[in-house]
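Protein chains: 2
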Amino acid sequence: MASDVSRHRRASMREVAEKAGVAMSSVSRVMSGHPDVSPAMRSRVLAAVDELGYEPDLLAQSLRRRETLTVGFVVGDISNPLFAEIVMGVESTLHANGYSMLLTNSLGDPAMEAAHIGLLSQRRVDGLVISVLDETHPETVARLRELEIPVVVLDRTVPGIGVSRVLSNHREGMRDAVFHLLDLGHRQIALIVGTGVRPATERHAGFEEAFAVRGLPRTYAIYEDSFSVEHGTRAMREILDAGNATAVIAGGNQLMLGALRVASERGVELGRELSFVGCDDIAITDLYQPPVAVVRRDNVNMGRTAAELFFGRVRDGAAPKDIELPTEFIPRPSCGPVAE
Amino acid sequence: MASDVSRHRRASMREVAEKAGVAMSSVSRVMSGHPDVSPAMRSRVLAAVDELGYEPDLLAQSLRRRETLTVGFVVGDISNPLFAEIVMGVESTLHANGYSMLLTNSLGDPAMEAAHIGLLSQRRVDGLVISVLDETHPETVARLRELEIPVVVLDRTVPGIGVSRVLSNHREGMRDAVFHLLDLGHRQIALIVGTGVRPATERHAGFEEAFAVRGLPRTYAIYEDSFSVEHGTRAMREILDAGNATAVIAGGNQLMLGALRVASERGVELGRELSFVGCDDIAITDLYQPPVAVVRRDNVNMGRTAAELFFGRVRDGAAPKDIELPTEFIPRPSCGPVAE
DNA sequence: GTGAAAGCGCTAACAA
DNA sequence: TTGTTAGCGCTTTCAC
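What follows is the structure, encoded as C-alpha cells:
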C-alpha cells in the first residue's frame, strides 16, 4: 500500500500534515522522536507517513538544524591500499553513528587538496578527516586553521592549528626492524623512505635511533624522496648497483612495491643474498616468496579511531587530542643472516 | 584583508547584499554568473564578497535549486583494490564536473546495501553508482526501481529496472585464458568462481564456451561459491587434494589471493607443477614468483565511464544505456605446458 | 539591469 | 500536548 503511493512522487512533511489533519510541527515532533507527543497523535501521523511513503528530506533538515551529519574525508590517493582500509574504518564508524562520508581524492596534488577542504567546508560538513599531503603547504594549513569544525589529521604534524590526530608509532616498529637486522649481523643497511611528512620523519628517526641505541657507527645509507613506487625502484637499483648493502628497509608500501619489483627483476634472492623489510602489511607481503617481513599497523583501526576522535569533539565537546596507535615488526623469511 | 575578516564568522549572502548596498537577488546573480548584470554591480558585489570572505552555502543552494551536485556510490567492499580503483575513477570524473561523492560501504551485506540506497536518496543525491551485491535481492531492486534519479550499475544485471550499466567483457578474457591453457596442453582445468552476479556468470560462461568452441569434452571442474578469499583457499585445497587438475583459474582477485596463499603454503611451483590464471591485475600478480597470468581490465576507466554515463543522463538527458569495456588476457610464466 | 517577495522542506521558539 | 510563526541561506519569478 505504502509502495503503491510512494512510487508516484516524494511526499513532503506538509502533505503528511494535511493528510493526518495535524500541524507540520507535530509531524516533525513525531519524526524526530520528541517526547511530548500523545500516542494518538503519534499513530495518526505514522499512518499518514506510511500511506504517503514519506521520508524526511535530510537536506532541508541539515539547513534548518545547522548540521549535516556529514564528514568530509580528503585522501591523497584512494587506490593506495593503506588509505582504502582507513576509509573503511572511517566510513563504518561514521555510518554506525548516523553520519555519512563525502570522499575526495586529491591525486597527490596539494593545491587540489586545499581546494577540497574549501569545497567540503562550503558543503557544510560537520567535520573533516584528512591526511595532509604536505605538512607545510601554506594554503592547506591556512584553510584548516579557518575551519570552524572538528578536524582529525591522520598521521601528520600540522603545526599551529588545533586538530585531533591519530598517529602511528612508526618509530618503535622501525627500531625493532633495525634491531632484528642488526641481530642477524647486518651493518650496511639501506633505508628507502619518503620525506616531508610524519611517517617519513618518524621512520627515519627510528632507523637512526636503533643504531645509536646499540652504540654502532652510522654504517647505513638513506634514500629519501617521494613516497612513490618510482622512488622505490630507483633507490633499489642504486642500492643494488652500489653493492655494499646487505639489508634494505622500504619505509612505505609503495616504496616496498617498487623495491620488490627490482628484486624480482634482478632475481635477487631475499633473505639470502639480501635481507628486506617493508612497511604496511598489504596483500603481497606474505604471498611473496619468501614472505616479506614488515612493520605492520592496523589501518582499519586508524580510520575507526579518527572517526571516534571526531565524535569525541562534536558530541562530548572534548578538546582536540592525539591518539597514538602501535606498530609492530613482523619478522619473516625475507630477513636472514648476513651472507658471507 | 579578506582573510582578516573571514576568520571571524561565515558571512551570508544577506550580509554581502547589505555591505554592497544592493538586493540579495543581485548578489545571487553575480555569484552564479547570470548574464544580466552590469559591470558596476558586478564589481560592487565582488568587493563586498572579498571583504567579507563570503562563500556560498552549497546546502542552501541545493535545497533551493533542487539539486545537490552530489552522487552516491554504494560499494560492497572498499578495501578490495578493484573497488578502490573504481572509486578513484568515479570521484575524479565527478569532481572535474563540479560534483561530490558520498561513499558508503555495505560490508558485503545486502540489507545494509538496501539501507544505504535509501539513505542516499534521503540525502537527495542527484545520482547513484552501485555495484549491487546480490542481483536478486528484492529490497535492493525495489529501492533502485523507486529512485527518480539516474542510476549507474557496475558490472551487474539487475532485471526490470532502467539503469545505465558499465560492463566488463569477462567472457572474452576468460575464453582467451582458457584457450591459452588448452594450447599448452591442459585439459583438466579447474575454475574457482563466485556466484549470483554478472562477473561470475560471465566468467563461468566464457570458461565453458572455450571448451565448446574447441569441441572438447567437459574435462573441467567448477568450484562455485562466494567471491571471498576463503572460498579461494578452500577450493584450491580441494583441487590440490583431488590432484587431477593441471591448471587452475581464479575468477576474481580475492579468490586469486586465497588460491595463491595455498599454493605458497604447499610450495606448489606455478607454471611447472600447476598452471594458474587470476583475474584483475592487482599489485601481487607481477611480483609473485613466477609472475601470475591474469585477465585484466582497466578499473579506473570503469569508474570514469560510470560517472560519464551519469552525466549523459543528467546533462544530456540521454536514455539509460550500457557500455561494455574490454578485458584482456595477459599470459605470464604462471602458465606453462602440462607436466608429464 | 535591479529589487521585492515568495518559498525550497524542515525545525524550534513561543503561545495556547 | 498541539498549533502558529518565523526563519535556515539561497534562487527565481515577477514587477519596475
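Chains as they are written, first to last, in this note's numbering: chain H, 405 to 744; chain B, 405 to 744. C-beta: ideal position from N, C-alpha, C; glycine also.
Where residue i sits in the DSSP three-state scheme
i                      : result
residue 736 of chain B : coil
residue 524 of chain B : helix
residue 559 of chain B : coil
residue 580 of chain B : helix
residue 726 of chain H : strand
residue 615 of chain H : helix
residue 704 of chain H : helix
residue 427 of chain B : coil
residue 628 of chain B : strand
residue 636 of chain H : helix
residue 662 of chain B : helix
residue 595 of chain H : strand
residue 421 of chain B : helix
residue 432 of chain B : helix
residue 442 of chain B : coil
residue 600 of chain B : coil
residue 547 of chain H : helix
residue 654 of chain H : strand
residue 668 of chain B : helix
residue 437 of chain B : coil
residue 406 of chain B : Unreliable positioning characterises residue 406 of chain B in this predicted model, as indicated by a pLDDT of 42, which lies under 50. The coordinate reading is nonetheless provided below. If DSSP states are grouped into helix, strand and coil, residue 406 of chain B belongs with the helices.
residue 531 of chain H : strand
residue 622 of chain B : coil
residue 411 of chain B : Legend: pLDDT at residue 411 of chain B = 49, less than 50; position of this residue unreliable, value from coordinates given subsequently. Note: residue 411 of chain B maps to coil in three-state DSSP.
residue 568 of chain H : strand
residue 609 of chain B : helix
residue 552 of chain H : coil
residue 743 of chain H : coil
residue 649 of chain B : coil
Inter-residue CB distance, residue i and residue j (contact presumed, cutoff 8 angstroms)
i                      : j                      : result
residue 651 of chain H : residue 593 of chain H : 5 angstroms
residue 707 of chain B : residue 663 of chain B : About 26 angstroms separates the two Cβ atoms, so there is no contact after all.
residue 655 of chain H : residue 696 of chain H : Not confirmed; about 14 angstroms, so no contact.
residue 558 of chain H : residue 521 of chain H : Rounded, the Cβ-Cβ distance is 14 angstroms, inconsistent with contact.
residue 718 of chain B : residue 481 of chain B : With 8 angstroms as the limit, residue 718 of chain B and residue 481 of chain B do not qualify as a contact, their Cβ atoms being about 27 angstroms apart.
residue 588 of chain B : residue 741 of chain B : 5 angstroms
residue 483 of chain B : residue 713 of chain B : Contact flag wrong, Cβ pair sits at about 25 angstroms.
residue 518 of chain B : residue 541 of chain B : 7 angstroms
residue 705 of chain H : residue 682 of chain H : No, residue 705 of chain H and residue 682 of chain H are not in contact; Cβ-Cβ is about 20 angstroms, not under 8 angstroms.
residue 555 of chain B : residue 537 of chain B : Not quite, the Cβ-Cβ distance comes to about 15 angstroms (not below 8 angstroms), so this is no contact.
residue 701 of chain B : residue 729 of chain B : 6 angstroms
residue 667 of chain B : residue 488 of chain H : Not really, about 25 angstroms apart at Cβ, beyond 8 angstroms.
residue 579 of chain H : residue 613 of chain H : 6 angstroms
Sufficient close CB pairs (3 or more, under 8 angstroms) joining the region 484-493 of chain B to the region 510-518 of chain B: no
- request: Scan the region 678-699 of chain B for residues whose Cβ lies nearer than 9 angstroms to a Cβ of chain H and list them as they occur along the chain.
  value: 686, 687, 688, 690, 691, 692, 693, 695
field: Start-end ranges of the alpha helix (DSSP H) lying completely within the region 445-529 of chain H, minimum 4 residues
entry: The qualifying runs are 462-469, 485-500, 514-526.
- request: Output, in sequence order along the chain, the residues in the region 474-501 of chain H whose CB is closer than 7 angstroms to any CB in chain B.
  value: 482, 483, 485, 488, 489, 491, 492, 495, 496, 499
message: Taking beta-carbon pairs under 9 angstroms, can you tell me which members of the region 509-527 of chain H lie near chain B?
response: 509, 511, 516, 520, 522, 523, 524, 525, 526, 527
message: Under 8 angstroms, with one C-beta from each stretch per pair, do the region 606-618 of chain H and the region 629-648 of chain H reach the 3-pair mark?
response: Too few Cβ pairs lie closer than 8 angstroms, so no.
query: Are there three or more Cβ pairs, one per stretch, closer than 8 angstroms when the region 425-435 of chain H is compared with the region 443-460 of chain H?
result: yes
Cβ contact (3+ pairs, closer than 8 angstroms) linking the region 543-552 of chain B and the region 570-583 of chain B: no
task: Can you give me, in chain order, the residues of the region 656-673 of chain B that have a beta carbon less than 7 angstroms from any beta carbon in chain H?
output: 661, 664, 665, 668
message: Please identify, using Cβ separations under 7 angstroms, the residues of the region 452-476 of chain B that lie next to chain H, in order along the chain.
response: 459, 460, 461, 462, 463, 464, 466, 467, 472
query: How do the region 727-743 of chain B and the region 663-681 of chain B stand: do at least 3 beta-carbon pairs fall below 8 angstroms, yes or no?
result: Result yes; three or more Cβ-Cβ pairs closer than 8 angstroms.
- request: Please name the residues in the region 425-443 of chain H whose beta-carbon is closer than 7 angstroms to at least one beta-carbon of chain B, in chain order.
  value: Residues are counted here when their Cβ sits less than 7 angstroms from a Cβ of chain B; for the region 425-443 of chain H the count is zero.
- request: Would you check if the region 684-696 of chain B and the region 458-478 of chain B touch, i.e. whether three or more CB-CB distances between them fall below 8 angstroms?
  value: no
message: Could you check whether the region 497-504 of chain H touches the region 556-565 of chain B, counting it as contact only if at least three pairs of C-beta atoms, one from each stretch, sit closer than 8 angstroms?
response: no
task: Determine, using beta-carbon pairs with one atom in the region 457-464 of chain H and one in the region 514-528 of chain B, whether at least three such pairs fall under 8 angstroms.
output: yes
field: Residues of the region 720-738 of chain B with Cβ closer than 7 angstroms to any Cβ of chain H, in chain order
entry: none
message: Residues of the region 528-559 of chain H in Cβ contact with chain B at a cutoff of 9 angstroms, in chain order, please.
response: 528, 546, 549, 550, 552
- prompt: Can you list the alpha helix (DSSP H) stretches of 4 or more residues lying completely in the region 671-718 of chain B, in chain order?
  reply: 703-718
message: Can you pull out the residues from the region 634-651 of chain B whose beta carbon lies closer than 8 angstroms to at least one beta carbon of chain H?
response: none
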